[in-house]
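Undergrad: Numbering of the sequence shown is given in the numbering used here, commencing with residue 93 and proceeding in unit increments.
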Amino acid sequence: MTQRITVIGTGYLGTTHAVCMAELGFEVVGLDVDADKIASLNEGRVPFYEPDLEPLLRKHVEDGRLRLTTSYAEAAEFGDVHFICVGTPQRKGEFAADVSYVEDVIEGLAPHLRRACLIVGKSTVPVGTAAVLADRVAELAPVGSEAELSWNPEFLREGFAVEDTLKPDRLVIGVASERAEATLREVYAEQIAAGTPFLVTNFATAELAKVAANAFLATKISFINAMAELCEHAGGDVTMLADAIGYDDRIGRKFLNSGIGFGGGCLPKDIRAFMARAGELGADQALTFLREVDAINIRRRTRTVDLARECCGGTFVGKRVAVLGAAFKPNSDDVRDSPALNVAGLIQLQGAQVRVYDPKAMENASRYFPTLDYADSIVDACAGADVVLHLTEWREFRDTDPAKLGDVVAQRYIVDGRNALDMARWEAAGWTYRGLGRAVTP
Ligand code: UDX
93 MTQRITVIGT GYLGTTHAVC MAELGFEVVG LDVDADKIAS LNEGRVPFYE
143 PDLEPLLRKH VEDGRLRLTT SYAEAAEFGD VHFICVGTPQ RKGEFAADVS
193 YVEDVIEGLA PHLRRACLIV GKSTVPVGTA AVLADRVAEL APVGSEAELS
243 WNPEFLREGF AVEDTLKPDR LVIGVASERA EATLREVYAE QIAAGTPFLV
293 TNFATAELAK VAANAFLATK ISFINAMAEL CEHAGGDVTM LADAIGYDDR
343 IGRKFLNSGI GFGGGCLPKD IRAFMARAGE LGADQALTFL REVDAINIRR
393 RTRTVDLARE CCGGTFVGKR VAVLGAAFKP NSDDVRDSPA LNVAGLIQLQ
443 GAQVRVYDPK AMENASRYFP TLDYADSIVD ACAGADVVLH LTEWREFRDT
493 DPAKLGDVVA QRYIVDGRNA LDMARWEAAG WTYRGLGRAV TP
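1) Cα-Cα, which of 122, 444 and 438 is closest to residue 478?
2) Quick check: residue 466 and residue 427, are their CB atoms within less than 9 Å of each other?
3) For the beta strand (DSSP E) containing residue 243, name the first residue and the last one.
4) Would residue 416 and residue 481 be called neighbours here (beta carbons separated by less than 9 Å)?
5) Considering only C-alpha positions, which residue in the set 295, 366, 100 and 390 is nearest to residue 129?
6) What are the start and end residues of each continuous beta strand (DSSP E) run of 3 or more residues lying completely inside the stretch 367-420, in chain order?
7) Does the ligand UDX have even one heavy atom less than 8 Å from the beta-carbon of residue 289?
8) With DSSP as the reference, identify every bridge partner of residue 503, one or two as the case may be.
9) In the DSSP assignment, what residue or residues form a beta bridge with residue 209?
10) Roughly how far, in whole angstroms, is the beta-carbon of residue 356 from the beta-carbon of residue 348, given that I think they are within contact range, below 8 Å?
11) If you drop the 5 nearest sequence neighbours on each side, which residues of the same chain put their C-beta closer than 6 Å to that of residue 205?
12) What are the uninterrupted segments assigned as alpha helix (DSSP H) that are 4 or more residues long and contained completely in the stretch 329-362, given in chain order?
13) Enumerate in chain order the residues of its own chain whose CB-to-CB distance from residue 248 is below 6 Å, with the five nearest sequence positions on each side excluded.
14) Would you report the Cα separation of residue 496 and residue 474, rounded to the nearest angstrom?
15) Hey, is residue 305 close to the ligand UDX, as in C-beta under 8 Å from one of its heavy atoms?
16) What residue range is occupied by the uninterrupted alpha helix (DSSP H) comprising residue 290?
17) Run through DSSP, which three-state label would residue 287 get?
18) From residue 291 to residue 265, what distance separates their C-alpha atoms?
19) For residue 98, tell me which candidate among 199, 353 and 209 has the shortest Cα-Cα distance.
20) I need the boundaries of the alpha helix (DSSP H) containing residue 105, first residue and last residue.
21) At 3 residues or longer, and completely inside the stretch 115-166: list those beta strand (DSSP E) runs for me, N to C.
22) Residues in the same chain with beta-carbon distance under 7 Å from residue 344, minus the five sequence neighbours each way, listed in chain order, please.
23) Roughly how many angstroms separate the alpha carbons of residue 385 and residue 520, rounded to a whole number?
24) For residue 336, which option in 432, 398 and 319 has the closest C-alpha, if you only look at C-alpha atoms?
25) Tell me the rounded alpha-carbon separation between residue 217 and residue 324.
26) Compute the beta-carbon to beta-carbon distance between residue 306 and residue 363, rounded to the nearest angstrom, for a pair I have assumed lies under 8 Å.
27) Applying the 10 Å Cβ sphere with the 16-neighbour rule, what's the burial state of residue 494?
28) Indicate the three-state DSSP secondary structure (helix, strand or coil) for residue 297 in the structure shown.
29) Kindly list the residues whose CB is nearer than 6 Å to the CB of residue 235, restricted to its own chain and excluding five residues on each side of it in sequence; keep chain order.
30) Does DSSP put residue 529 in a helix, a strand or coil?
31) Leaving out five residues before and five after residue 214 in sequence, what residues of the same chain have Cβ atoms less than 7 Å from its Cβ?
32) Taking all protein chains shown into account, decide if residue 165 is buried (16 or more other Cβ within 10 angstroms of its Cβ) or exposed.
33) In whole angstroms, what separates the C-alpha of residue 154 from that of residue 375?
34) Take residue 411 as the anchor and find which of 377, 476 and 457 has the nearest alpha-carbon.
35) In the DSSP assignment, find the alpha helix (DSSP H) that holds residue 441 and state where it starts and stops.
36) Note down the Cα distance separating residue 140 from residue 251, rounded to an integer number of angstroms.
What follows is the structure, given as structure tokens:
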């Protein structure tokens with residue numbers, strides 16, 4: 093039986109999920125309360141940058157497999173399976189996550205349900221949320237509608253969203269009944285047949301799987317960045333150190349790239365929300381190490397500012413600083429908690445004239461950080477600069493010819509905040525190269 097699917101929330105996660113479900117052959121309705129977003133998607137435009145997504149959206153809007161709406165009544169009538177894909181941002185002034193958008197979905201959808209269906213949460217939520225929402229569904233859904241809740245966290249990475257959704261490395265579902273499990277086995281039949289591990293568990297384990305994974309990834313990055321601090325004091329090279337430990341299969345080289353640290357809409361907020369939830373559960377000691385993970389991460393940003401200031405002769409006043417990169421990582425236009433823009437802002441506050449360039453994130457950067465100065469190209473950003481900061485490792489930056497760029501700057505100082513440039517090539521072109529956690533060349 094082909095399931096009819098709705099996807100509620102058409103942000104990053106929801107748009108990708110809706111498009112990929114259509115690609116897998118389902119009839120899909122995407123719902124968002126933001127009429128502008130729905131209008132844009134209906135015209136085949138994805139309101140953010142994600143490789144491969146827009147052509148697939150167009151394809152399925154045109155072939156009618158994906159429709160978009162703002163009406164909960166329409167979604168409720170249509171769907172056998174309703175995926176919740178709304179955001180759970182960090183609450184203002186607190187570490188805890190704001191789950192009000194998820195709650196709003198239940199309040200909006202459940203009263204309209206008239207037949208058997210499964211509601212599947214994909215949003216990242218504090219452990220315990222699904223159980224509360226399941227009770228609320230039971231309260232709100234009309235008698236006889238047989239609506240049920242389950243949880244199925246999403247592990248996709250920005251920049252690889254389509255690939256990660258179509259070919260996930262695992263599927264985790266938290267269910268309260270065999271019927272819910274059977275429904276999700278049908279939805280994911282293609283992936284299960286392809287050998288994707290399918291883990292069936294309870295609500296709490298499913299909710300925890302997501303935040304535990306992100307906490308581990310954040311810890312891995314901060315671990316190598318702590319080693320970078322040590323390298324700076326001891327004269328080591330953290331990139332070589334990462335290789336040296338990463339060849340051990342038990343450690344692995346992935347997520348050991350040292351630099352200005354992690355940002356984005358997930359890792360920073362998720363580790364904070366995880367700590368807050370652990371406190372509420374009376375288990376705060378279990379996660380106090382995440383405070384250190386967070387602190388190490390932020391220290392890398394101030395270290396980058398210090399390195400840049402050194403290159404400017406000890407003060408930023410009257411100096412020009414070029415910042416290459418605004419997105420929190422390459423192949424994304426997302427600037428949420430971007431380490432690059434944070435560093436740019438800190439340097440500007442200390443009196444430098446800062447010019448930022450990014451291949452894809454200029455629009456978002458200038459919208460959310462309007463006080464920074466933006467350039468149209470690498471050369472434009474670097475013209476007359478006393479120091480160039482490489483803060484997001486786009487291919488365009490790695491491919492830049494340091495000899496040519498050397499002609500437009502005031503001084504040839506490069507701070508490689510991602511340890512991704514070819515140090516020998518930049519030095520051969522007459523630049524003084526400074527990496528994070530790398531021995532200073534004499
Ligand atoms: C992350 C998780 O990887 C994903 O599974 C989850 O669903 C959402 O959160 P994402 O935020 O898209 O995905 O980015 P990711 O590729 O994990 O990078 C996060 C941050 O860590 C970026 O700022 C990146 O630059 C940084 N990073 C990553 C490092 O500093 N070093 C590394 O070795 C890897």
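Just so it is clear, CB atoms sit at the ideal spot from N, CA and C, and this is done for glycine as well.
TA: Checking against the coordinates, here is how it stands:
1) Here the closest residue by C-alpha is 444.
2) no
3) 239-243
4) yes
5) 100
6) 412-416
7) The beta carbon of residue 289 sits no closer than 8 Å to any heavy atom of the ligand UDX.
8) BP columns for residue 503 are empty, so no partner.
9) 239
10) About 18 Å; that fails the 8 Å criterion.
11) 168, 233, 237 and 239
12) 330-338
13) Scanning its chain for C-beta atoms nearer than 6 Å, with the 5 sequence neighbours on each side dropped, one finds around residue 248 the residues 256 and 257, in chain order.
14) 11 Å
15) It does: the Cβ of residue 305 is within 8 Å (strictly closer) of some heavy atom of the ligand UDX.
16) No alpha helix (DSSP H) holds residue 290; the beta strand (DSSP E) holding it covers 290-293.
17) coil
18) 6 Å
19) 209
20) 104-115
21) 119-123 and 158-161
22) 338
23) Cα-Cα distance, rounded: 36 Å.
24) With distances taken between Cα atoms, residue 336 lies closest to 319.
25) 38 Å
26) 7 Å
27) buried
28) helix
29) none
30) coil
31) Once the five neighbours on either side are set aside, the close Cβ partners of residue 214 are 105, 109, 175, 176, 177, 244, 245 and 246.
32) Per the 10 Å Cβ criterion, exposed.
33) 50 Å
34) Its Cα nearest to that of residue 411, the residue 476 stands out among 377, 476 and 457.
35) 431-441
36) 11 Å
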